[in-house]
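2 protein chains.
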Amino acid sequence: MSRIALIAGAGALPRLLVEGLGQDFVLAELEGQPSDVAKEALKFRFERLVPFLDHLLTEGVERVVMAGAMRRPRLDPELFDARTAALVPRLLAAMQGGDDAALRTMISLFEEWGFEVVGPDSIAPQMVPGEGVLTGAVTPQDATDAEYAARIVAALGAQDLGQGAVVAAGLCLALESLPGTDAMLEFARQHRGVLPEPARARGLLYKAPKPGQDRRVDLPAIGPETVARAATAGLAGIVWEAGGLILLDRAATIAAAEASGLFLWSRAP
Amino acid sequence: MSRIALIAGAGALPRLLVEGLGQDFVLAELEGQPSDVAKEALKFRFERLVPFLDHLLTEGVERVVMAGAMRRPRLDPELFDARTAALVPRLLAAMQGGDDAALRTMISLFEEWGFEVVGPDSIAPQMVPGEGVLTGAVTPQDATDAEYAARIVAALGAQDLGQGAVVAAGLCLALESLPGTDAMLEFARQHRGVLPEPARARGLLYKAPKPGQDRRVDLPAIGPETVARAATAGLAGIVWEAGGLILLDRAATIAAAEASGLFLWSRAP
Numbered sequence: 218m219s220r221i222a223l224i225a226g227a228g229a230l231p232r233l234l235v236e237g238l239g240q241d242f243v244l245a246e247l248e249g250q251p252s253d254v255a256k257e258a259l260k261f262r263f264e265r266l267v268p269f270l271d272h273l274l275t276e277g278v279e280r281v282v283m284a285g286a287m288r289r290p291r292l293d294p295e296l297f298d299a300r301t302a303a304l305v306p307r308l309l310a311a312m313q314g315g316d317d318a319a320l321r322t323m324i325s326l327f328e329e330w331g332f333e334v335v336g337p338d339s340i341a342p343q344m345v346p347g348e349g350v351l352t353g354a355v356t357p358q359d360a361t362d363a364e365y366a367a368r369i370v371a372a373l374g375a376q377d378l379g380q381g382a383v384v385a386a387g388l389c390l391a392l393e394s395l396p397g398t399d400a401m402l403e404f405a406r407q408h409r410g411v412l413p414e415p416a417r418a419r420g421l422l423y424k425a426p427k428p429g430q431d432r433r434v435d436l437p438a439i440g441p442e443t444v445a446r447a448a449t450a451g452l453a454g455i456v457w458e459a460g461g462l463i464l465l466d467r468a469a470t471i472a473a474a475e476a477s478g479l480f481l482w483s484r485a486p
Numbered sequence: 218m219s220r221i222a223l224i225a226g227a228g229a230l231p232r233l234l235v236e237g238l239g240q241d242f243v244l245a246e247l248e249g250q251p252s253d254v255a256k257e258a259l260k261f262r263f264e265r266l267v268p269f270l271d272h273l274l275t276e277g278v279e280r281v282v283m284a285g286a287m288r289r290p291r292l293d294p295e296l297f298d299a300r301t302a303a304l305v306p307r308l309l310a311a312m313q314g315g316d317d318a319a320l321r322t323m324i325s326l327f328e329e330w331g332f333e334v335v336g337p338d339s340i341a342p343q344m345v346p347g348e349g350v351l352t353g354a355v356t357p358q359d360a361t362d363a364e365y366a367a368r369i370v371a372a373l374g375a376q377d378l379g380q381g382a383v384v385a386a387g388l389c390l391a392l393e394s395l396p397g398t399d400a401m402l403e404f405a406r407q408h409r410g411v412l413p414e415p416a417r418a419r420g421l422l423y424k425a426p427k428p429g430q431d432r433r434v435d436l437p438a439i440g441p442e443t444v445a446r447a448a449t450a451g452l453a454g455i456v457w458e459a460g461g462l463i464l465l466d467r468a469a470t471i472a473a474a475e476a477s478g479l480f481l482w483s484r485a486p
C-alpha cells in the first residue's frame, strides 16, 4: 500500500501539514531534533541513512514530504554502517555547502531510493497561495516598492542568502540574514526613524524563495506572528512571491492583517 | 591662480581633508547643512546652482573635491534663478534617483563648468589604503569569508544598496541597509548567538564601494569607532576593497585595531 512519510523538523509547519496526510503516514525525525507532531516517530541519523531509507521502503512508503527546520548534526565517524559510509563524500559536501546544496543532496538521495519527494503545496494547497491580494489595499507606491524588494531578494538569493527585505518608498530599511525574518523586522522597528517623512508612513515586508530553489523544500513561511511583528515595525503590508511562500494558518493570518490594517499580497513573480 | 574648492557635508572627512588642501582653498556648504570645518564657508542652494558655479569660477577655483554626507534638500520652486531653472529636469531626476545618480549629476554639472572633480585620494593619499594587511593576522578562513562577503556586497551594490556585510565562517550574520554600518554592527552583536560554535569565535566586517561607483565621491569610510564597534560585536577583523575605502585617522584606527586584537586588511578587488 502506498504510504507517505513526513520528515519533520522544528516549527509549526509539520504539525499543520498532518491534516492533509491522512491517518496512515509515517513520521520521521532526526535523532535529537523532535518535531511538534503528536505521533510516534522513526528516529534517523545521517550516519545510518541507508538503513533508514531501506526501512521506509519496507514500511510501504512511496512519497516523502520534508517540512520544518533541521539543524545540521555533527557526523560521528564511528556510527556509519558500511553502505552509508560509501555516501560520506556526498554527505560531507552537503553538510559543508549552503542550505540549498544540502537539501538538493537529501532530495536526490531519496529519489535514488525510488521515493517521490513532494512539496507542502501538494499536501495542503491552501497553504501556498497563488496570485492575488488576500486582504487590504495595495497602492502604486507599494507596487513599486514590491518590485524593488523582489529585485533585492533575488540578488541576495543568488548568493544563497536570506529571503526577505523591508522597503519603504524606494529605500531599503532592512535585509534578512542568518538571524531571520523576526530579527529583521525588529531591526526595521528600531531604525524606521531614519526614513524621511513620506516613507516613514508606509513600507512593506517582502518574502520570496531563492531563484532556482527547489520549491518542494525550505519555502519561506509567514503566519499571524509575522503580521503582528510587521505591524509593530510600522509597515503597511506583506508581499510575497505567489507560489513561493507557506502561509501558516491562513485564516488567522488574514484575520490578523485585517485587524492591524495591513495588506497581504501574493504577487506574480 | 588655481584654487581648489571643498564641497563639504557632515562627518569627520571634510575636516580631515583640510590638511591636504593648503591655506587658500574655498569652503562651500549646502545652506542649512554646516560642516565641521573651522573656516568661513560659501553657502549654496541647488535652486541657485548656476550663480554658485559661476562664483566659484570668479574665485579662481579650478578643482573641486566633494566630501561628507549631504541630505537632499527639498527644492523651493520660488527660489530658482532663470539659468538654474533650465537645469530643473536634471536636478529633479537627480533628487529622485538613487545616491549614485544624484552624485553623477553633481559631478557632470561641475565638469560642464570646466572644474576638475577630484577624489579624497588625490588630496590625502594615505587615507585611501592600497593593497595590504595593515595590522594583525588573516587566517585562511578569514580570506574565504572576505571573498564571500565581497560577492555579497557586490550583489547588493548592483541594487544601489548598502556597502557592507558581516560574515563568519561562511555564514552571513548581518547586511548593511539604510541605517548604516554602526546599526549593522549592533545587529551583529545582538545576534551572534545564532552562529554555530566554530563561527562564533571569529567573523569579519567587509566594506566596499558599489560596483561601477565613481570613486571620487561617497566612498565608504571607517575609523577608530568602527574598530571599537566591530570588537564589541565579537569580530576578528575588518576587510575592505583596496582603493575603495577612506580610513579616517589612519594612525588611530590602526592603534585601536592593535589594542583590540583585530586585523585590518585592505584587500585586492
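So the sequence lines, in the order shown, correspond to chains A and B.
Everything in the first sequence is counted per this note's numbering, starting at 218 for the first residue and increasing by one.
Everything in the second sequence is counted per this note's numbering, starting at 218 for the first residue and increasing by one.
For each residue, glycine too, the CB sits at the ideal point set by N, CA and C.
Residue i, buried or exposed, once every other Cβ within 10 Å from all chains shown has been counted against 16
{"i": "R406 of chain B", "result": "buried"}
{"i": "K427 of chain A", "result": "buried"}
{"i": "R300 of chain B", "result": "exposed"}
{"i": "P437 of chain A", "result": "buried"}
{"i": "W435 of chain A", "result": "Checking the displayed sequence, the identity of residue 435 of chain A turns out to be Asp instead of Trp. By the 10 Å Cβ count, D435 of chain A comes out buried."}
{"i": "G349 of chain B", "result": "exposed"}
{"i": "Q313 of chain B", "result": "exposed"}
{"i": "E329 of chain A", "result": "exposed"}
{"i": "E458 of chain B", "result": "buried"}
{"i": "G440 of chain A", "result": "buried"}
{"i": "Q343 of chain A", "result": "exposed"}
{"i": "A418 of chain A", "result": "exposed"}
{"i": "R307 of chain A", "result": "exposed"}
Residue i versus residue j - alpha carbon distance
{"i": "A255 of chain A", "j": "R409 of chain B", "result": "33 Å"}
{"i": "T556 of chain A", "j": "L412 of chain A", "result": "Residue 556 of chain A is absent from the model: chain A starts at 218 and stops at 486."}
{"i": "I240 of chain A", "j": "I221 of chain A", "result": "It should be noted that the sequence gives Gln, not Ile, for residue 240 of chain A. Those two C-alpha atoms are separated by around 10 Å."}
{"i": "V224 of chain B", "j": "R368 of chain B", "result": "Residue identity differs from the one stated: residue 224 of chain B is Ile in this sequence, not Val. Straight-line Cα distance between these residues: approximately 32 Å."}
{"i": "L465 of chain A", "j": "T361 of chain A", "result": "26 Å"}
{"i": "A469 of chain B", "j": "D399 of chain B", "result": "18 Å"}
{"i": "Y365 of chain A", "j": "A485 of chain A", "result": "14 Å"}
{"i": "Q358 of chain B", "j": "A375 of chain A", "result": "22 Å"}
{"i": "V278 of chain A", "j": "L259 of chain A", "result": "13 Å"}
{"i": "L244 of chain A", "j": "R433 of chain A", "result": "18 Å"}
{"i": "E393 of chain B", "j": "S219 of chain A", "result": "49 Å"}
{"i": "E333 of chain A", "j": "S325 of chain A", "result": "10 Å"}
{"i": "V267 of chain A", "j": "G451 of chain B", "result": "41 Å"}
{"i": "P294 of chain B", "j": "A385 of chain A", "result": "26 Å"}
{"i": "R291 of chain B", "j": "C389 of chain A", "result": "21 Å"}
{"i": "A371 of chain B", "j": "L462 of chain B", "result": "14 Å"}
{"i": "A363 of chain B", "j": "S483 of chain B", "result": "11 Å"}
{"i": "R289 of chain A", "j": "M323 of chain A", "result": "12 Å"}
{"i": "A474 of chain B", "j": "A453 of chain B", "result": "10 Å"}
{"i": "D377 of chain A", "j": "D316 of chain A", "result": "8 Å"}
Test: residue i CB closer than 8 Å to a CB of chain B
{"i": "I455 of chain A", "result": "no"}
{"i": "F263 of chain A", "result": "no"}
{"i": "A391 of chain A", "result": "yes"}
{"i": "L373 of chain A", "result": "yes"}
{"i": "L388 of chain A", "result": "yes"}
{"i": "V350 of chain A", "result": "no"}
{"i": "L452 of chain A", "result": "no"}
8 Å Cβ cutoff, residue i in contact with chain A
{"i": "Q250 of chain B", "result": "no"}
{"i": "H272 of chain B", "result": "no"}
{"i": "R307 of chain B", "result": "no"}
{"i": "V345 of chain B", "result": "no"}
{"i": "P396 of chain B", "result": "yes"}
{"i": "I369 of chain B", "result": "yes"}
{"i": "A400 of chain B", "result": "yes"}
{"i": "F327 of chain B", "result": "no"}
{"i": "Q380 of chain B", "result": "no"}
{"i": "F404 of chain B", "result": "yes"}
{"i": "Q240 of chain B", "result": "no"}
{"i": "Q358 of chain B", "result": "no"}
If you pair each beta-carbon of the region 336 to 346 of chain A with each one of the region 273 to 290 of chain A, do three or more pairs fall below 8 Å?
yes
For the structure I just gave you, are there three or more beta carbon pairs, one from the region 225 to 235 of chain B and one from the region 373 to 385 of chain A, closer than 8 Å?
no
When you compare the region 235 to 252 of chain B with the region 471 to 482 of chain A, are there three or more beta-carbon pairs, one atom per stretch, that lie closer than 8 Å?
no
Inter-stretch contact (C-beta, 8 Å, three-pair minimum) for the region 413 to 425 of chain A and the region 441 to 455 of chain A
yes
Determine, using beta-carbon pairs with one atom in the region 295 to 309 of chain A and one in the region 350 to 357 of chain A, whether at least three such pairs fall under 8 Å.
no
Pull out every residue of the region 408 to 435 of chain A whose Cβ sits closer than 8 Å to any Cβ of chain B, in chain order.
H408, V411, L412
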